[in-house]
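Asker: My questions will all concern the structure given below.
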Amino acid sequence: MFPRPIQVIALENFQIWLKYSDTTEGIVDLSHLKNQGIFNEWSKPGIFNKVQLNSETFAISWNEEIELCPNSLYLKLKNTSFEEWEKSELVNATN
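Take the sequence shown: its position 77, counting from 1, is numbered 62 in the numbering used here, and each next residue is one higher.
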């Protein structure tokens, strides 16, 4: 099971700082999304700074329409693929 995000903070230039329940933490650059589809909303003053954790799904969200998968962001912070992460979890579970 993936660790849950426990804290998120909006930073400058469409970046967020995240901390997870396993103590993984770091900065994720989301600037590549800012002009794509629904993410255009981030260009409106103050919207990007409203980032929060969805208490039910643990998604990283800005409103009911803009959410990012916490698992994908976790893998990005760990600089690994799902397959690599899954293998390491299986190894750790059997040790």
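Beta carbons are placed, not taken as given, at the ideal position from N, Cα and C, and that holds for glycine.
These numbers were taken from a predicted model, which means no experiment stands behind them.
Could you please give me the residues that DSSP links to Gln15 through a beta bridge?
Answerer: Residue 15 sits at position 30 when you count from the first residue of the sequence shown. Looking at the sequence shown, residue 15 is not Gln but Leu. None; Leu15 has no bridge partner.
Asker: Assuming Lys35 is part of the alpha helix (DSSP H), what are its boundary residues?
Answerer: Residue numbering aside, residue 35 sits at position 50 when the sequence shown is read from its first letter. Lys35 -> no alpha helix (DSSP H), and no H or E assigned at all.
Asker: Using the beta-carbon count (16 or more within 10 Å), is Leu53 buried or exposed?
Answerer: Residue mapping note: residue 53 aligns to position 68 of the sequence shown, counting from 1. The residue in question, Leu53, is buried, as its Cβ has 16 or more Cβ neighbours within 10 Å.
Asker: Between which two residues does the alpha helix (DSSP H) harbouring Leu60 extend?
Answerer: Start at 1 with the first residue of the sequence shown, and residue 60 comes out as number 75. Element bounds for Leu60: 55 to 63.
Asker: Rounded to whole angstroms, how far is the Cβ of Phe34 from the Cβ of Ala(-5), which I believe are closer than 8 Å?
Answerer: Here residue 34 refers to the residue found at position 49 of the sequence shown. Here residue -5 refers to the residue found at position 10 of the sequence shown. Here the sequence assigns Asn to residue 34, which means Phe is not the residue at that position. Yes, Asn34 and Ala(-5) are in contact; Cβ-Cβ is about 5 Å, under 8 Å.
Asker: Determine whether the beta carbon atoms of Thr9 and Leu62 lie at a separation below 8 Å.
Answerer: Translated into the one-based positions of the sequence shown, residue 9 becomes position 24. Translated into the one-based positions of the sequence shown, residue 62 becomes position 77. The answer is yes: Cβ separation under 8 Å.
Asker: Taking the beta strand (DSSP E) that Trp47 belongs to, which residues open and close that run?
Answerer: Position 62 of the sequence shown, counting from 1, holds the residue named residue 47. Neither: Trp47 is in no beta strand (DSSP E) and is coded neither H nor E.
Asker: Please check the pair Leu15 and Gln(-8), which I expect to be a contact at CB under 8 Å, by giving their CB distance rounded to whole angstroms.
Answerer: Walking along the sequence shown from the start, residue 15 turns up at place 30. Walking along the sequence shown from the start, residue -8 turns up at place 7. In fact, because the Cβ distance is near 16 Å, the residues do not count as touching under 8 Å.
Asker: Name, in chain order, the residues that DSSP records as bridge partners for Gln(-8).
Answerer: Taking the first residue of the sequence shown as 1, we reach residue -8 at position 7. In the DSSP output, where bridge partners are listed per residue, Gln(-8) has Lys4.
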